[in-house]
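Residue numbers (the numbering used here), protein chains in the order written: chain U, 445 to 781; chain D, 445 to 781; chain P, 445 to 781; chain R, 445 to 781. Even glycine gets a Cβ: it sits at the ideal position worked out from N, Cα and C.
Number of protein chains: 4
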Amino acid sequence: MIIVLKPSVTPEQVIGFTTKLTSDYGVNVNRWDGVHSTVLGLIGDTTQVDIEYIEAQDIVESVRRVQEPYKKANRKFHPENTVIKINDEVSIGDGSLHIMAGPCSVESEEQIVQIAKDVKKSGATLLRGGAFKPRTSPYAFQGLKSEGLDLLKAARKATGLPIVTEIMRTSHIDMFENIDIIQVGARNMQNFELLKELGKTDKPILLKRGLSATIEEWLMSAEYIMAGGNSKVMLCERGIRTYETYTRNTLDVSAIPIIKKLSHLPVIVDPSHASGKSWLVEPLAMAAVAAGADGLIIEVHNDPPHALSDGAQSLTPEKFDKVAKKVFALKEALSNT
Amino acid sequence: MIIVLKPSVTPEQVIGFTTKLTSDYGVNVNRWDGVHSTVLGLIGDTTQVDIEYIEAQDIVESVRRVQEPYKKANRKFHPENTVIKINDEVSIGDGSLHIMAGPCSVESEEQIVQIAKDVKKSGATLLRGGAFKPRTSPYAFQGLKSEGLDLLKAARKATGLPIVTEIMRTSHIDMFENIDIIQVGARNMQNFELLKELGKTDKPILLKRGLSATIEEWLMSAEYIMAGGNSKVMLCERGIRTYETYTRNTLDVSAIPIIKKLSHLPVIVDPSHASGKSWLVEPLAMAAVAAGADGLIIEVHNDPPHALSDGAQSLTPEKFDKVAKKVFALKEALSNT
Amino acid sequence: MIIVLKPSVTPEQVIGFTTKLTSDYGVNVNRWDGVHSTVLGLIGDTTQVDIEYIEAQDIVESVRRVQEPYKKANRKFHPENTVIKINDEVSIGDGSLHIMAGPCSVESEEQIVQIAKDVKKSGATLLRGGAFKPRTSPYAFQGLKSEGLDLLKAARKATGLPIVTEIMRTSHIDMFENIDIIQVGARNMQNFELLKELGKTDKPILLKRGLSATIEEWLMSAEYIMAGGNSKVMLCERGIRTYETYTRNTLDVSAIPIIKKLSHLPVIVDPSHASGKSWLVEPLAMAAVAAGADGLIIEVHNDPPHALSDGAQSLTPEKFDKVAKKVFALKEALSNT
Amino acid sequence: MIIVLKPSVTPEQVIGFTTKLTSDYGVNVNRWDGVHSTVLGLIGDTTQVDIEYIEAQDIVESVRRVQEPYKKANRKFHPENTVIKINDEVSIGDGSLHIMAGPCSVESEEQIVQIAKDVKKSGATLLRGGAFKPRTSPYAFQGLKSEGLDLLKAARKATGLPIVTEIMRTSHIDMFENIDIIQVGARNMQNFELLKELGKTDKPILLKRGLSATIEEWLMSAEYIMAGGNSKVMLCERGIRTYETYTRNTLDVSAIPIIKKLSHLPVIVDPSHASGKSWLVEPLAMAAVAAGADGLIIEVHNDPPHALSDGAQSLTPEKFDKVAKKVFALKEALSNT
C-alpha cells in the first residue's frame, strides 16, 4: 500500500502516523521524501488495513493498494483453479463447458419439465429458473415463490439436471436447502448480510456481478462468502451499466480473462441478460467461450399454445439447440488447438 | 404506452396481440400503420402493464412508456408536497431546510453525545450516525451494531435531536422500532424484500439512490415502500457512479429539481458521500440548496485527542459550523427572493 | 418518428404543428389521442426531419425515431455486405479475416521494416503504424509526422503490405494520397469537418468509435463520410469509456453483431487499445473473431536491443505470431461449422 | 511519479530501468522493496515524463502521478486567479458573474439583434450564437457559417456586447479574427491540431469539456492551448455522459470547485446543454453560481411570430429575464456573506 501525504504535512505528523500504522497493523513503513510530497510504503500483510480509515486522515492526499484486498478469492494464494462439483456429471471450473438453461420464471410444472427435457437434449447440464423474482416494479409478477422451488425439484426429478435459482432474502436460506446452486442476483451483490449468511452454508453460490460493480468489488463480495467458510463461489458476468442504450447492459467480455488471472474461481457468462435481445445471445455466447468462460447461463422459454412470444431475451428450445451446438463445437475446436 | 412492432409482423399477429392487451390489462389499443412499421398506442391505466412482458414478445421491436410507472410517488396524482413530520420542530418537505449531521460510525457514547451537542449548536436538527455499516471488505469494521443504536438513543436523550441510522437486514426491523428515521443505503436500494417490509411499518424512510440507479428506478423503489402502505419516504441523492475518478461519485445535482417535478416526496442531498472529500462538502451543499433540496446529510466527526484525522469526507465540528452558517444564510436569501 | 405532445397542448397547436410537419418535410402525420397525452406518428422519409428542431418545440414532451437516422450506412437499404478491396490479396468484409498489425508509433526505418516483415510472416495482411500521434499531453512525443509516412511506404515497398495510418487534420489529406487506409482516431470521430473532407476522397477509411460514442452516433459519423460520396468505410470498435478502471477501456463486443445487423459496413476490432494490457490481447481477439469481426488491428513492437519493453498493450513479434495462429485457427474452425 | 514494478522483475532490470529514467528525464529515482513488489519514486520535474512510455515497459505493473501533468494551467505554479479582460466592462474570473446568452443558431439579422438587445437588458454581458454548427447528422442544418459571423458582428455593433461563437476547423481561424471569444465545442476538446493553432493566437478561448472527458484530460487540453503561448483559456462545464437518460447529459457541478482548486482558469457553466431541458436551466444555473462559477452560458431564443417554440433547452427572453434576476440576486447574496 502506497500512501501519498499532503504537501502541508509536518515531520511530527509523519512520525506520528508512521508509528500508528506500525502498531495498529503490524506492517513496516518505508518513507520517501519527494520535492512536493512525502510518500509512505507499507510492507507486510495489508489486507487488514482499512483503506477508508487511511484515506480519512487529514494528512493523506491519496492511497493506493499494490496488493489486492481479497485473499481467499486471490489466485496468488491459491494458484489452482477451483473446481465445483455439483454431481457426478457436473464439475464446474475443470476445463469443460457447462450450460445452465431454462426460463426466466418458473410458470407451471408442465412448462418447467418440458423445458428441462428440451435443454437437456441440447446438451445443457443444469436447469435454471426463477421462483423468487426481483422486479423493478412492485406491481409486476414476483414469481411463484416456494411453489416455484417445488416445480424446479420436479423438473430435476424428471431429468436429473441439477437446479439453479435465485435467493432474495436471508430468511429463505432454509427453503433453499435442497437447491443445487443458489444464485445471488446483481441487485444483491452487495447485500452483505445475505452474503455473510450464505458464507455459513456449504452450497455452491452463483454470484452475479452488480450493475455497476468493479471487478474488485465483485471479488470482495465473493470474499465475503468465502470469509464465512464457503469457498464454492462461481462468478457470473451479466453485463454492466454504461451510457450505451442499444443493449440493456454492456457485456464486459474482458472480465472473463481478468477474473481468471486474478482469481481461481470459475466464471459463468449470462449473454441473455447482458444484451436483453435474443438475437444477440448466440454471438455473445460464442465470444464468452472464446474468451475462456467456464459456463453459460441462457434463458430458454418454450412456447405454450396461447403465448405469442419466445421472450425478448429468451430463446425457443429450437434456437437454443442451434446455439448450444455451435457453442460446444467452438469449445471442442478450442480444446484441440 | 407506445409499442413499435417489427416490420415482419403479420396482420393476424397484430390482431391477436391487440386482443390480448385489451383483455389482459383493460386498456384500449390504438393502431397506426407506418411505411416500415406498425405502432400500437395503449390508452388507459398502464401502470399494471408489465413492460418486460411486452418487450418479450417476438413481434415487438421496442416499447416506450408515456405515463410514468409509479403512481403513489407521482406528483401527477398527488400534486402537493409530502411533508414528513418527525417531531414538533422538524417537518421535512415544508419549505424549510434541515441538516442531518453526525459521524459515519458511532464509536462511543462520549463521541456521539459530544458531536450531537456540537451539531445541534450549529443548527442541525437531526443526528445521523452509523451503527450497522455496509463495508466493501469483510475484514473491515462493521459497526457497533445494536450497541450503536443504544448510543444514538443516548445522544438523542442528551440533545433532543431525532436520530437517523441505516438498516441492513429485514430481521432487524424490530430493533429499529425506536429510531426516528430509518436509512436504506445505496447498496440496498433494490433489496426489494427489505423495501417491502419497510412498507409495512410507519417509520419515515430515507431512501438513498443506488450507485447507478436511474431516477425512475429510484422512484420505483420508493413506490415499493409506498405500495406497502408507508408513504413517509424521503429520497437521498448521494452521487452516482461515472467514469470520472477525481471524486468518489458524481453528485447529480439535476436530480433535485427533477425529483421535485416528478414526485411530491422530499429530497435530501448527501454532499459528503457524493464527493468523498471534505473540502468539497461546502460547495456541493451550497449547490444542493440553491437547486432546491429540502435537506442535507453531512458527516461530522469530532477529533478525540488521540486521533489524527477529521476524515476524508467528514468535517470537524468547527468546519461544520461554518458550512451550516453559509448554507442557512443561502437558504434565507433564497426565501427572500 | 413518434412525437408525444405535452398534456397541456391545445387542439389549435396540434393542428398548427401537424400542418407545419407536413409542409416542411413532406411526411404524413397520424394522430392518436390518449387519456393524458396526444401522440403524433410521422409516416414517410424522416431522415430529413431535424429531431432537435422537433424536441425544441414547446408543445413536445418527447420524440422517438422508429426509422434509423442513417441511410447510406443502413443495411435496410443496402442488404449486402460492403467489401472493401485494398489490393489483389486484401478484401475486407468478404467473410475472410484480416489482421492489421504494427507499432503504435513509427520510430525508424529499421524498426518498421523489420516489424512489417515479422507480422507478414505471421499472417498479417496489412501494416499499421502511427506517424501523427494524438497525445493527451502537449509535452509528449507527437510522432515522426511526414517522415513517418515515408517510412511506412518504405516498409510497404519491402513487404507488399498495404499501410494504415491515422490522420489528424484536414489540411493533411493531400499528404495521405498514397496511404492505403486512412484511420480516423476515436478523438476525431465527431470532427465533422474532417469527416466531410474525407467523404470527398475515394480512400478507404478506418473510423474508430469515439470514447463514449453510441452505436448510432458512430454510424452517423460513417454517414457523414458516405454522404460526401465515399462509401469505403470500416468501423473499428476500440473499447468504450465506463466506470471500470481495471482496463483502460471496456471492449464492447456486442457492437460487432449489432453493427453487422444495422449496417453493411465491415467491422474491425482493436483489442490492444480496448484493454491497454498486452496479456488481454489474445482473449479479446478470440472473442472478437467468435462474435463475427471482419478484422483485427493489433499493436506489435519489436524489441530493439536498447529497449526494455514490448509495450503495455503491444505484443512482441513472437507473441503476435502465437496470437495470430490461434486466431486464424479459430476463424477456420468457425468457417467449417 | 510512483512506479510499481512487476513481482517478476530482476535486480538487473531495476538497475537498467532506473539508470534510463535518470538519464532520459533528469529525475532522481528512489527505490523501495516490498514483500511482493518493488516500487520506484521519481523526484524532480516529471511533467516531461511520458507516462505511456513508462506504462509500456514490460517490467511495470502500474504507474501513478503524484504531481499533476499540467503546468501552465496548474494553480500550484500560478496561485492567483487568471482574469480575462474582454473589454472595459467585461473581465471574467475577477469575482464577478457574467452571463453569455443568445440563440443556439444565428438565423437572421433581425433575430440576433433583437435577442442581443433583450439579453443585454436582462443583464447579460456577452452574446453567444452559433454560426458553424456541429451536428450529429450530415443532413441537419449546419449553420449560416461566415454569414452568421457577420450577423453576430452586426448584433455586437447594435448593442456593444462582445460575441462568443464556435470554431470547427483550423483553416477558419483567420475568419474568427474579429470575434471576441472563440468557443471550442465538446466534440473538438481533443482535436489537438485545432488546440495547437489556437495556442498561437491571442484570442480568449472558451474550452468546453468533452462528452466523457475527465477533469485531468480537460485541463490537459487547456494546457495544449497554453503551451502554444495563449493563456486566455476559460473552461466550460456542459454536462458529462452517464447512464442516466432523463437528462441529455449530467451536469458535473463538482467540477466547478475542483477546477478552482486545481487551476487558476475561470469556469463557465452551460446549464442549457447540460440538461437539454429549458425548465432545468434555472435550478442548474443557481446551483452553478452557488458552487462558485465565474459565468454562465445560456441559450435564449426569441419567438418569431411563425415559430411554435422556445426550444427544448432555450429560454424565451422573458424567462431568461427571470432567471437572470434570480441568478444575480443569488450572486449578490453570496458576495455579502
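In the assembly as shown, aspartate 696(R) is a buried residue. Its beta-carbon has 16 or more other beta-carbons within 10 Å. Comparing alpha carbon positions, the residue from Ala500(U), Ile528(U), Asn474(U), Tyr497(U) closest to glycine 739(U) is Ile528(U). Scanning Arg509(U), Val771(U), Val534(U) for the CA closest to the CA of proline 648(U) turns up Val534(U). At least 8 Å separates the CB of tyrosine 469(U) from every CB of chain R. Rounded to the nearest whole angstrom, the CA to CA distance from isoleucine 503(U) to serine 452(U) is 8 Å. For glycine 470(U), same chain residues with a beta-carbon under 7 Å away, outside a window of 5 residues either side, are Gly488 in chain order. Counting only runs of 4+ residues, the alpha helix (DSSP H) found wholly inside the segment 574-655 of chain U occupies 590-603, 636-643, in chain order. Excluding five sequence positions before and after glutamine 457(R), the CB atoms of its chain that fall closer than 6 Å to its own CB belong to Ile503, given in chain order. Contact check between the segment 685-705 of chain U and the segment 599-609 of chain D: fewer than three CB pairs, one atom from each, fall below 8 Å, which does not count as touching.
Where isoleucine 530(P) is concerned, there is no enclosing alpha helix (DSSP H), because DSSP gives it neither an H nor an E.
The alpha carbon of histidine 717(P) has as its nearest neighbour, out of Leu759(P), Ile703(P), His708(P), Ile700(P), the alpha carbon of Leu759(P).
No Cβ-Cβ contact shorter than 8 Å links tyrosine 668(U) with leucine 706(U). Of the candidates Leu596(U), Leu484(U), Ile742(U), Leu596(U) places its Cα closest to the Cα of threonine 609(U).
When 8 Å is used as the limit between beta carbons, tyrosine 687(D) is near these residues of chain P: Ser656, Arg685, Thr686, Tyr687, in chain order. From the listed residues Cys548(P), Lys676(P), Met664(P), the smallest Cα separation to isoleucine 536(P) is found for Lys676(P).
For the C-beta of serine 698(D), the chain R residues within less than 7 Å are, from N- to C-terminus, Thr691, Thr694, Leu695, Ser719, Leu724, Leu728.
The continuous alpha helix (DSSP H) containing histidine 717(U) extends over residues 715-719. When C-alpha distances from lysine 515(U) are compared across Gly672(U), Asp646(U), Ala773(U), the shortest belongs to Gly672(U). Secondary structure of isoleucine 503(U) (DSSP, three-state): coil. A direct Cα-Cα distance of roughly 16 Å separates proline 701(P) from lysine 770(U).
Proline 547(D) is positioned such that its CB atom lies no closer than 8 Å to that of glutamate 762(D). Proximity of proline 578(P) to chain R, defined by a Cβ-Cβ separation below 8 Å, is satisfied. When secondary structure is reduced to three states using DSSP, aspartate 538(D) falls in the coil class, being assigned neither helix nor strand. Isoleucine 623(R) and methionine 612(R) have their C-alpha atoms some 14 Å from each other.
Using a CB distance below 7 Å, no part of the segment 496-513 of chain R faces chain D.
Bounds of the alpha helix (DSSP H) holding valine 771(D) are 761-780. Checking the DSSP bridge columns, you'll see leucine 484(P) partnered with Ile447(P), Arg475(P). In this structure the segment 493-510 of chain P does not lie against the segment 549-569 of chain R, because fewer than three pairs of beta carbons, one per stretch, are closer than 8 Å. Isoleucine 684(R) sits away from isoleucine 712(R), with the two beta carbons spaced by 8 Å or more. Taking C-beta separations shorter than 7 Å and ignoring five residues to either side along the sequence, the partners of leucine 663(U) in its chain run Tyr514, Ala517, Leu706, Ser707, following chain order. When CB distances to chain P are screened at a threshold of 7 Å, the residues of the segment 460-493 of chain D falling below it are Asn474, Trp476, Gly478, Val479, His480, Ser481, Val483, Gly485, Ile487, Gly488, in chain order. For a cut-off of 8 Å, the C-beta gap from methionine 544(D) to arginine 572(D) is around 5 Å, short enough to register as a contact. Inter-residue distance for isoleucine 617(R) and glutamate 637(P) is about 14 Å (C-alpha atoms, whole angstroms). Between alanine 517(D) and chain U, the shortest Cβ-Cβ separation is not below 8 Å.
Glutamate 661(D) sits in a helix when the DSSP states are folded into three classes. Residues of the segment 607-630 of chain P with a C-beta atom less than 8 Å from some C-beta of chain R are Met612, Arg613, Thr614, Ser615, listed in chain order.
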